[in-house]
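Step one of this worksheet: look at the structure below.
Number of protein chains: 2
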Amino acid sequence: MNSRFAVAVHILTLLAEAGGEPLTSERIAGSVNTNPSLVRRLLSALARAGLTTARHGAGGGALLAKAPGAVTLGDVYRAVDGGELFALHRERPNPACPVGRTIQGALEARIAAAERALEAELDRTTLAEMARDCQGAAAGAAR
Amino acid sequence: MNSRFAVAVHILTLLAEAGGEPLTSERIAGSVNTNPSLVRRLLSALARAGLTTARHGAGGGALLAKAPGAVTLGDVYRAVDGGELFALHRERPNPACPVGRTIQGALEARIAAAERALEAELDRTTLAEMARDCQGAAAGAAR
DNA sequence: GGATCTGTTACCATATTAGATACAGACAAC
DNA sequence: GTTGTCTGTATCTAATATGGTAACAGATCC
Numbered sequence: 041m042n043s044r045f046a047v048a049v050h051i052l053t054l055l056a057e058a059g060g061e062p063l064t065s066e067r068i069a070g071s072v073n074t075n076p077s078l079v080r081r082l083l084s085a086l087a088r089a090g091l092t093t094a095r096h097g098a099g100g101g102a103l104l105a106k107a108p109g110a111v112t113l114g115d116v117y118r119a120v121d122g123g124e125l126f127a128l129h130r131e132r133p134n135p136a137c138p139v140g141r142t143i144q145g146a147l148e149a150r151i152a153a154a155e156r157a158l159e160a161e162l163d164r165t166t167l168a169e170m171a172r173d174c175q176g177a178a179a180g181a182a183r
Numbered sequence: 041m042n043s044r045f046a047v048a049v050h051i052l053t054l055l056a057e058a059g060g061e062p063l064t065s066e067r068i069a070g071s072v073n074t075n076p077s078l079v080r081r082l083l084s085a086l087a088r089a090g091l092t093t094a095r096h097g098a099g100g101g102a103l104l105a106k107a108p109g110a111v112t113l114g115d116v117y118r119a120v121d122g123g124e125l126f127a128l129h130r131e132r133p134n135p136a137c138p139v140g141r142t143i144q145g146a147l148e149a150r151i152a153a154a155e156r157a158l159e160a161e162l163d164r165t166t167l168a169e170m171a172r173d174c175q176g177a178a179a180g181a182a183r
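Just so you know, the protein sequences line up as chains X and E, in that order. When we follow my numbering, the leftmost residue of the first sequence carries the number 41, and every step to the right adds one. When we follow my numbering, the leftmost residue of the second sequence carries the number 41, and every step to the right adds one.
Now the structure itself:
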């Protein structure tokens with residue numbers, strides 16, 4: 041459906057490989073193949089979540105706010121997509137029906153558990169590992 | 041985001057409680073609080089996945105194709121939403137950049153693992169349990 | 001044969017997504 | 001302190017997804 045998670049991971053992997061060098065939204069957009077404004081929108085969400093910081097002005101750009109080994113894909117998911125996994129009914133179910141009256145409560149607990157499981161799996165990968173994978177694959181392709 | 045999963049679980053829970061009695065799309069729509077055509081669309085996906093069958097004509101309607109204890113929320117997810125968790129980049133990343141060239145491959149494995157974790161958690165709940173929860177809550181509310 | 005119900009299609013309104021442009025504000029360089 | 005660079009945000013647009021609605025051919029029951 042939406043590609044925010046993929047693009048956000050892409051951005052952060054670039055920042056991890058930059059090793060403290062600030063990257064401009066234009067430079068990042070060149071790798072992602074999109075436009076700088078979209079990159080800045082995502083960086084805005086990542087900064088709100090405490091994952092990145094920015095330096096204004098000439099020579100500025102985006103920076104990781106933490107060590108690459110301390111940021112997980114789960115952090116990225118929560119920053120850009122969190123809590124949007126499943127929606128409940130758009131219209132409230134019929135309260136005159138036993139199932140309609142209770143289904144949403146029964147579902148909420150299961151949906152929350154599923155989201156926890158998803159995030160726990162995403163938490164098993166750090167940006168450092170993503171950067172390493174991309175380095176290795178790039179080296180392999182260059183041989 | 042989308043409510044297909046919630047509505048599909050609602051439909052199947054109704055069928056589980058009906059205990060072999062066929063329910064019409066109009067009857068189901070009354071509980072979900074939507075219109076019969078949408079219900080039939082979802083039932084169509086559920087039937088393709090082998091979760092329901094239908095009886096045409098007067099006195100007909102939808103039926104569970106399996107025992108309520110043999111259908112999990114993971115089955116429902118796969119039937120109506122499967123494989124749509126995360127999208128990759130809409131435009132292909134820049135192949136001239138080491139990260140752009142390799143990020144999608146590195147992401148695909150992690151996304152697949154996350155989806156497996158999500159489905160495994162959903163597989164822990166069956167329709168029988170959903171029906172029991174709704175019965176219990178309904179009884180509690182009636183006291 | 002007539003009534004009922006499914007399965008599918010088509011159409012519409014709305015919401016979401018992402019591409020694009022614009023501009024005020026922050027900061028660096030000089 | 002003036003100029004240039006870059007961020008952060010708002011706005012607009014096009015494409016797509018979602019769900020509400022109507023319509024109708026086909027299957028089945030009575």
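Ideal Cβ placement from N, Cα and C applies to all residues, glycine included. Because the structure is a prediction, the values reported are computed rather than measured.
Residue pairing by DSSP puts E/R95 in a beta bridge opposite E/G101. Counting C-beta atoms within 10 angstroms of its own C-beta, X/R132 has fewer than 16 neighbours from the protein chains shown and is therefore classed as exposed. Closer than 8 Å to the CB of X/V139 there is at least one CB belonging to chain E. The alpha-carbon separation between X/P62 and E/T112 amounts to approximately 48 Å. Within chain E, the residues placing a beta-carbon under 9 Å from that of X/L158 are L125, A154, E155, A157, L158, E161, ordered along the chain. Pairwise C-beta distances place the stretch 100-111 of chain E in contact with the stretch 57-76 of chain E, as three or more of them are shorter than 8 Å.
Distances from the alpha-carbon of E/A136 to those of X/M170, X/A146, X/A69, X/S65 put X/A69 closest. Closest option to X/R44, judged by alpha-carbon separation, among E/A154, E/L128, E/Q175: E/L128. The continuous stretches of alpha helix (DSSP H) do not include E/E124, and DSSP gives it neither H nor E. Within the stretch 141-173 of chain X, complete alpha helix (DSSP H) segments of at least 4 residues are not found at all. X/T74: not part of any alpha helix (DSSP H); DSSP gives it neither H nor E.
Proximity to E/L86 across E/V116, E/P76, E/D163 peaks at E/V116, based on C-alpha coordinates. Within the same chain, Cβ atoms closer than 7 Å to the Cβ of X/G140 are found at P133, N134, the five residues on either side in sequence being excluded. Judged by DSSP secondary structure, E/L55 falls within the alpha helix (DSSP H) whose first and last residues are 44-58.
In this structure, E/E124 is the residue among E/G109, E/E124, E/E57 with its C-alpha nearest to the C-alpha of E/A154. A direct Cα-Cα distance of roughly 10 Å separates X/L167 from X/D173.
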